[in-house]
């Protein structure tokens, strides 16, 4: 088992069988990770503690919510959740992670994946597709980061209103041509009308 990545919420290990294992990071790890990303937080300890606690709560809420749902798990890389108290661990299909070199056709697939998520009653909160999504063995774009989800239609509507996808890390790093395509197609498709059309249509929760 080889560690291949670490985010704020999970360490990721390659199991060598087409699967990865994701294990929740500790609060101490989160502290140092946040300071490395935003050094000014070292001078704002109260905000730093809030960030750590919010991340931990989000990890655990999403884990438990998905674990006890009827979600179509193929759109999340077929996660298998460990049934251990106070341990937030799951395995998942290994996929090709999207990157800042994403193509326009992959943006189309990403939008389809958002609709798939909506049908199942959840949405990625930060739209950070170049880190949180990947291409599975069938060529579909799927969400692989399960720690930053919202399950409320009203919350998703707020994300649409503020065009949250224009504030994501991924948006700022894609090429100029793809960025133009991304902006126009997200605005055209990620709408209140489509949210009403697709939201929780398969009754996952």
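In the numbering used here, the protein residues as written are 981 to 1185.
Beta carbons: idealized from backbone N, C-alpha and C, even for Gly.
| query | With which residues is residue 1072 paired in a DSSP beta bridge? | reply | On the chain shown, position 92 is the one that residue 1072 refers to. Answer is 1000.
| DSSP state of residue 1008 mapped onto helix, strand, coil | Here residue 1008 corresponds to residue number 28 of the chain shown, with the count starting at 1. Here residue 1008 sits in helix by DSSP.
| request: Return the residue from the list 1061, 1107, 1114 and 1095 that minimises the CA-CA distance to residue 1086. | output: For the purposes of this step, residue 1086 is taken as the residue at position 106 of the chain shown. Measuring from the Cα of residue 1086, the nearest candidate turns out to be 1114.
| query | Beta carbon of residue 1123, beta carbon of residue 1104: below 7 Å? | reply | Translated into the one-based positions of the chain shown, residue 1123 becomes position 143. Translated into the one-based positions of the chain shown, residue 1104 becomes position 124. In this structure, residue 1104 lies closer than 7 Å to residue 1123 by Cβ.
| said: Need the endpoints of the beta strand (DSSP E) that residue 1125 sits in, please. | reply: As a working mapping, residue 1125 is identified with position 145 in the chain shown. No beta strand (DSSP E) contains residue 1125, which DSSP labels as neither H nor E.
| said: Which same chain residues end up closer than 8 Å to residue 1039 when comparing Cβ atoms and leaving out the 5 residues on each side of it in sequence? | reply: Here residue 1039 refers to the residue found at position 59 when the chain shown is read from its first residue. Around residue 1039: 989, 990, 1004, 1068 and 1127.
| field | Selection from 1050, 1047, 1183 and 1056 that minimises the alpha carbon distance to residue 1118 | value | Along the chain shown, one-based indexing puts residue 1118 at 138. The shortest Cα separation from residue 1118 among 1050, 1047, 1183 and 1056 belongs to 1056.
| query | Which first and last residues belong to the beta strand (DSSP E) in which residue 1161 is found? | reply | Along the chain shown, read from residue 1 onward, the residue named residue 1161 stands at position 181. Run containing residue 1161: none in the beta strand (DSSP E); it sits in the alpha helix (DSSP H), 1156-1169.
| DSSP beta-bridge partners for residue 1029? | As a position in the chain shown, residue 1029 is number 49, starting the count at 1. For residue 1029, which the question treats as bridged, DSSP gives no partner whatsoever.
| task | Output the distance between the C-alpha atoms of residue 997 and residue 1073, rounded to the nearest integer angstrom. | result | Within the chain shown, numbered from 1, the residue matching residue 997 stands at position 17. Within the chain shown, numbered from 1, the residue matching residue 1073 stands at position 93. Taking the straight line joining both Cα atoms gives about 9 Å.
| said: So that I know if they touch, is there some Cβ in chain C lying closer than 7 Å to that of residue 1105? | reply: Of the chains in the structure shown, none is chain C; there is only one protein chain.
| request: Can you tell me which of the three DSSP states residue 1136 falls into? | output: Residue numbering aside, residue 1136 sits at position 156 when the chain shown is read from its first letter. Reduced to three states, the DSSP call for residue 1136 is helix.
| task | Return the residue from the list 1184, 1079, 1174 and 1129 that minimises the CA-CA distance to residue 1037. | result | As a first step, residue 1037 is located in the chain shown; it is residue number 57 there, counting from the start. Checking every option, the nearest Cα to that of residue 1037 belongs to 1129.
| query | Would you say the region 1079-1096 touches the region 1159-1175, given that touching needs at least three Cβ pairs under 8 Å? | reply | yes
| field | Option nearest residue 1102 by Cα separation, candidates 1139, 1022, 1002 and 1064 | value | Your numbering for residue 1102 matches position 122 in the chain shown. Among 1139, 1022, 1002 and 1064, the Cα nearest to that of residue 1102 is on 1139.
| task | For residue 1136, verify whether its CB is less than 6 Å away from any heavy atom of the ligand PLP. | result | By its list of ligands, the structure shown contains no ligand whatsoever, and the ligand PLP lies outside what it can speak to.
| Selected residue, minimal CA-CA separation from residue 1180, among 1052, 999 and 1042 | Translated into the one-based positions of the chain shown, residue 1180 becomes position 200. It is 1052.
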